[in-house]
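Mind the numbering: the sequence shown is residues -20 to -1, 1 to 246 in mature numbering (1 follows the signal peptide of the UniProt record, and there is no 0), read in order.
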Amino acid sequence: MKHVIPSVAALAALITAASAADLPRRALPPAPIPLPVFTWTGIYFGINAGYISSTRDRVNTAGSYRGSNGAQTGSYTSTFTQHRNGFTGGGKVGYNHQFTPGSGFVVGAEADMGYTDLRRTSRFDFVGANTYRQSGDFLGTVRGRVGYAVDRTLFYGTGGFAYAGDTYRAAVSQTAAGPAYFGSRARLDTGYAVGGGVEYALPTESVLNVFHASAVTVKGEALYYDLGSRTIPVLPVRGGASIFATRFQNEGVLGRVGVNYKFGSY
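And the structure:
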């Protein structure tokens, strides 16, 4: 009997251990998949459209009337305002680098070029009609950008080089037979542009993502540009010694909205 009891106890222990081994194990929960953190780093291209308006609008003309012997017989000066405004639209390409994904500082560079509807002809009478025309056909910039991103929202300042294609024209003392004095010049004006804006990244599956980019962003910005002033000679058309010069100014502001397609990291 003394040998039976230990044997029964050992058998019971074995049965208990075997039953425990057959019990289903409680599996550990799967490790969570980390969500991707948005970054503004990458190249992008896009389109924009908006409104542009000149801010310094004075046109100044000065000169002297001279007789056939070259002696001055009189002088002439005039100043008037020729305000220009209209539509602007074009495209851009750029690159951003964000130092810390999620929220953090962003630096980049952007080049853009757009059509500008800055055409204005003014006329007033003074010993015949004086007609002045200033026409801006396009405006482009090459700028740096510095900003701070709060996840998908980027606030930035920008500044750099600006250029534009402009045509200047002046016709002084114009009659039915034509102007007595005329000058015209088409040129590429250069200067600078500064401004700022805000940009927001839409979800990747946005309906605007027709190019399957890593992100689609929408932006609004305002720029001030200064291309200086230009003086053109206004010379006699039908002979004579009189000579004039007209100075035009080329500064303005523009506000525009745009859509960008970013390629690179999420």
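Note that the Cβ used here is the ideal one computed from N, Cα and C, for glycine as well.
The way I'd put it, the stretch 224 to 231 does touch the stretch 29 to 44; three or more beta-carbon pairs between them come closer than 8 Å. Every beta strand (DSSP E) stretch that sits fully inside the stretch 103 to 180 and reaches 3 residues is listed by chain position as 109 to 130, 133 to 155.
For R113, the closest C-alpha among the options S164, G69, G127 is that of S164. When only Cα atoms are considered, A129 and V152 end up about 55 Å apart.
With respect to N65, L98 sits close: the two C-beta atoms are nearer than 9 Å. Note: E90 is bridge-paired with G74, R123 in the DSSP secondary-structure output. Secondary structure at L188: coil, using DSSP grouped into helix, strand and coil.
By the Cβ neighbour-count rule, G238 is buried, with 16 or more other Cβ atoms within 10 Å of its own. Taken through DSSP and simplified to helix, strand or coil, V17 comes out as coil. D117 and A109 have their alpha carbons spaced roughly 26 Å apart. Taking 9 Å as the cut-off, the Cβ atoms of F25 and N240 count as close. Sixteen is the threshold: when 16 or more other Cβ atoms of the shown chains lie within 10 Å of the Cβ of T96, as they do, the residue is buried.
Per DSSP, the beta bridge partners of F228 are R210. Between W20 and L134, the C-beta gap is smaller than 9 Å, which places the two residues in contact. Counting the other CB atoms within 10 Å of its CB gives N76 a total of 16 or more, which places it among the buried residues. Cβ-Cβ distances below 7 Å link G200 to G177, V178, V237 in the same chain, with the five nearest sequence neighbours on each side left out; the list follows chain order. Of the residues assessed, S55 falls on the exposed side of the cut-off, its CB having fewer than 16 other CB atoms within 10 angstroms. Taking 9 Å as the cut-off, the beta carbon of S186 is found no closer than this to the beta carbon of G43. Collapsing the DSSP output to three states places A51 in coil. DSSP lists no bridge partner for V217. In the three-state DSSP reduction, A202 falls in the strand class (E or B).
Judged by DSSP in its simplified three-state form, R100 adopts strand. In the DSSP assignment, G22 falls within the beta strand (DSSP E) that extends over 22 to 34.
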